[in-house]
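Written out below as structure tokens is the structure these notes cover.
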Amino acid sequence: MRSHLLNDATAEHYRRSVTEGVERVAAKLATTARPFTGVTVDALAPRIDAIDLDRPLHDTTAVLDELEDVYLRDAIYFHHPRYLAHLNCPVVIPALLGEAVLSAVNSSLDTWDQSAGGTLIERKLIDWTTARIGLGPAADGVFTSGGTQSNLQALLLAREEAKTGDLAKLRVFASEVSHFSVKKSAKLLGLGPDAVISVPVDHDKRLQTVALARELERCAEAGLVPMAVVATAGTTDFGSIDPLPGIAELCGRYGAWMHVDAAYGCGLLASLKYRDRIAGIEHADSVTVDYHKSFFQPVSSSAVLVRDTATLRHATYHAEYLNPRRMVIERIPNQVDKSLQTTRRFDALKLWMTLRVMGADGIGRLFDEVCDLAAEGWKLLAADPRFDVVVAPSLSTLVFRYIPAAVTDPAEIDRANLYARKALFASGDAVVAGTKVAGRHYLKFTLLNPETTTDDISAVLDLIAGHAEQYLGESLDRAC
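Residue numbers for the sequence shown follow the working numbering, so the first one is 12 and each next one is one higher.
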């Protein structure tokens with residue numbers, strides 16, 4: 012079994028095995044005609060259940076053949092131009108090269124003596140990102156597993172910086188369309204069920220600063236403590252960007268920590284055309300960025316950034332076997348001092364490789380393309396009488412629903428849209444997402460693929476309308 016360990020004696024075995032796997036994936040990508048096969052749980056689960064994990068195949072080719080049957084054939088491929096559902100981006104090749112390198116070397120980014128250059132590369136990328144944001148010379152941060160962890164850590168720091176030890180008095184303010192991880196984080200941090208105050212949004216799904224000011228004043232009058240305001244730069248459902256300068260002013264007035272969840276909108280940091288859409292982010296006390304959403308990186312690649320490196324002390328614990336206090340005096344950089352995680356992958360390498368091959372402008376151009384595409388998609392939807400579209404896009408998301416000419420019952424229209432989404436997914440021709448707006452079911456395009464065209468959008472809209480019309484026709488037949 013030692014022949015499977017990666018070392019100097021097995022380097023050629025490693026090269027052959029990985030090459031065979033890469034060739035399988037490359038062949039699959041080259042021949043994938045649809046984003047999904049439409050396989051059902053009932054069809055796929057028995058194939059996986061039938062595999063006896065206690066009886067290995069002892070052959071890489073045989074295992075890859077099996078993997079084709081249980082995974083590769085039916086995987087959902089985000090690179091396909093008609094995958095339009097969630098915040099999943101196609102990935103760039105330099106990042107995949109970084110993924111291959113970091114997996115093989117297997118550095119752990121918790122301590123210097125496990126990563127060396129990896130530690131310094133991650134720190135360089137943190138400095139690069141905080142400079143792009145404009146957080147100032149004392150800024151710092153650390154890579155995380157994703158936006159949920161980044162938001163959790165940011166709110167942990169806000170809790171510890173709050174001017175009270177009474178958790179029952181702490182309040183967090185976020186828009187009614189902010190990410191669910193805000194409420195989840197509050198619960199994990201021991202805050203009460205009423206700790207998160209949902210602030211109304213305007214027609215464009217942006218937090219209303221007038222409403223926020225009113226809630227902050229109520230908080231002060233009640234003797235409560237405004238722990239943090241979470242501003243969103245790119246909401247999951249709408250891609251909407253909260254008015255950051257106005258929120259920053261209110262945070263300063265009421266002494267609240269300002270956190271900007273830019274997990275989606277961080278692509279604007281590299282944008283050549285739309286950077287001004289996140290003006291005001293430089294006033295934040297902390298920022299979440301997900302490079303694996305709008306920097307075209309493989310999952311996972313995220314970070315939490317802070318204005319003041321001293322606030323990261325709230326996540327610092329010392330262990331003699333890992334990062335003893337003397338290392339601080341010796342100026343040995345241990346990233347575990349800043350992180351909620353201990354063992355941690357060198358995910359920063361993927362972004363490093365991307366910047367060194369493509370440059371920030373290369374990333375920015377790709378993100379600008381999808382923002383431009385969303386603007387064109389908005390025009391198509393607004394001009395199409397079959398659809399109702401909610402808001403003009405700030406980033407690359409479109410929320411809409413099919414409206415049949417001859418049906419006025421909102422519940423029946425809901426069912427038609429739900430059916431259309433499910434039928435489209437089952438066909439494998441395209442994948443779209445869904446959400447609710449004012450209690451009604453809507454569909455969603457999240458456009459993160461520069462290869463997607465307006466022709467793709469038009470074709471998918473026709474497919475949606477066709478499925479919805481089929482449902483309504485069958486429903487009418489059943490009613491007769």
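For every residue, glycine included, the Cβ atom is placed at its ideal position computed from N, Cα and C.
Computed from a predicted structure; not experimentally measured.
Simplified DSSP assignment, three categories, for residue 414 | One-based indexing of the sequence shown puts residue 414 at position 403. Reduced to three states, the DSSP call for residue 414 is coil.
Count the CB pairs spanning the segment 167-187 and the segment 224-243 that are closer than 8 Å, and state whether there are at least three.
-> yes
Which ranges would you report for the alpha helix (DSSP H) in the segment 158-191 if only whole runs of at least 4 residues count?
-> 158-172
Neighbourhood of residue 197 by C-beta distance below 8 Å, restricted to the same chain and skipping five residues each side = Taking the sequence shown and counting its residues from 1, the one referred to as residue 197 is at position 186. So the list reads 166, 183, 206 and 207, once near-sequence residues are dropped.
Buried or exposed for residue 407, please, with buried defined as at least 16 other CB atoms from any protein chain shown within 10 angstroms of its CB.
-> In the sequence shown, counting from the first residue as 1, residue 407 sits at position 396. Counting Cβ neighbours within 10 Å, residue 407 comes out buried, since at least 16 surround it.
Enclosing alpha helix (DSSP H) for residue 453 [first to last residue] = Counting from 1 along the sequence shown, the entry for residue 453 is found at position 442. Careful: residue 453 lies outside any alpha helix (DSSP H), inside the beta strand (DSSP E) at 451-457.
Drop a sphere of 10 angstroms on the beta-carbon of residue 467, count the other beta-carbons inside from all chains shown, and report buried for 16 or more, exposed for fewer.
-> Within the sequence shown, the letter at position 456 stands for residue 467. Under this definition residue 467 is a buried residue.
When DSSP builds the beta bridges, which residues end up paired with residue 447?
-> Taking the first residue of the sequence shown as 1, we reach residue 447 at position 436. BP columns for residue 447 point to 452.
Return the chain-ordered ranges of every alpha helix (DSSP H) run that is complete within the segment 261-317 and spans a minimum of 4 residues.
-> 302-305
What residue from 296, 138, 211 and 222 has the CA that sits closest to residue 168's CA?
-> The count along the sequence shown starts at 1 and reaches residue 168 at position 157. For residue 168, the nearest C-alpha among the options comes from 296.
Which parts of the segment 87-156 are runs of the beta strand (DSSP E), unbroken and 3 residues or longer, counting only runs that do not cross its ends?
-> 151-155
Can you give the Cα-Cα distance for residue 36 and residue 25, rounded to whole angstroms?
-> To locate residue 36, count along the sequence shown from 1; it is residue 25. To locate residue 25, count along the sequence shown from 1; it is residue 14. The straight-line gap from Cα to Cα measures roughly 17 Å.
Answer yes if the segment 85-93 comes into contact with the segment 46-58, meaning at least three C-beta pairs across the two stretches below 8 Å, and no otherwise.
-> yes
Are the CB atoms of residue 290 and residue 344 nearer to each other than 8 Å?
-> Counting from 1 along the sequence shown, the entry for residue 290 is found at position 279. Counting from 1 along the sequence shown, the entry for residue 344 is found at position 333. No. Outside cutoff.
Let me know the secondary structure DSSP gives residue 247 once reduced to three states.
-> Residue mapping note: residue 247 aligns to position 236 of the sequence shown, counting from 1. Looking at residue 247 - three-state DSSP - the assignment turns out to be coil, as it is neither helix nor strand.
What number of angstroms, rounded off, separates the C-alpha of residue 70 from the C-alpha of residue 363?
-> On the sequence shown, position 59 is the one that residue 70 refers to. On the sequence shown, position 352 is the one that residue 363 refers to. Each residue's Cα considered, the two are about 35 Å apart.
Going by C-alpha distance, which of 73, 463 and 264 is nearest residue 236?
-> By one-based count along the sequence shown, residue 236 stands at place 225. For the residues 73, 463 and 264, the minimum Cα distance to residue 236 belongs to 264.
What's the call for residue 161, buried or exposed, on a 16-neighbour Cβ count within 10 Å?
-> The residue labelled residue 161 in the question sits at position 150 within the sequence shown. With 16 or more other Cβ atoms within 10 Å, it is buried.
Kindly indicate the opening and closing residues of the beta strand (DSSP E) around residue 74.
-> Locating residue 74 in the sequence shown gives position 63, counting from the first residue. Here residue 74 belongs to no beta strand (DSSP E); instead the alpha helix (DSSP H) covers 71-78.
From 300, 137 and 385, pick the residue whose C-alpha is nearest to that of residue 461; which is it?
-> For the purposes of this step, residue 461 is taken as the residue at position 450 of the sequence shown. Out of 300, 137 and 385, 385 has the C-alpha closest to the C-alpha of residue 461.
So, helix, strand or coil for residue 471, using DSSP?
-> The residue labelled residue 471 in the question sits at position 460 within the sequence shown. If DSSP states are grouped into helix, strand and coil, residue 471 belongs with the helices.
Answer with buried or exposed for residue 60, where buried requires no fewer than 16 other C-beta atoms within 10 angstroms of its C-beta.
-> Here residue 60 refers to the residue found at position 49 when the sequence shown is read from its first residue. Answer is exposed; the Cβ neighbour count stays below 16.
Cutoff 7 Å; reference residue 108; Cβ partners in own chain excluding five residues on either side | Position 97 of the sequence shown holds residue 108. Cβ neighbours of residue 108 beyond the five flanking positions: 364.
If residue 475 sits next to residue 403, beta carbons under 8 Å apart, how far is it from one beta carbon to the other, in whole angstroms?
-> As a working mapping, residue 475 is identified with position 464 in the sequence shown. As a working mapping, residue 403 is identified with position 392 in the sequence shown. With 8 Å as the limit, residue 475 and residue 403 do not qualify as a contact, their Cβ atoms being about 20 Å apart.
From the DSSP output, which residues share a beta bridge with residue 252?
-> Locating residue 252 in the sequence shown gives position 241, counting from the first residue. Paired residue(s): 244.
Note the first and the last residue of the continuous beta strand (DSSP E) segment covering residue 208.
-> Looking up residue 208 in the sequence shown gives position 197. Segment 207-210, the beta strand (DSSP E) holding residue 208.
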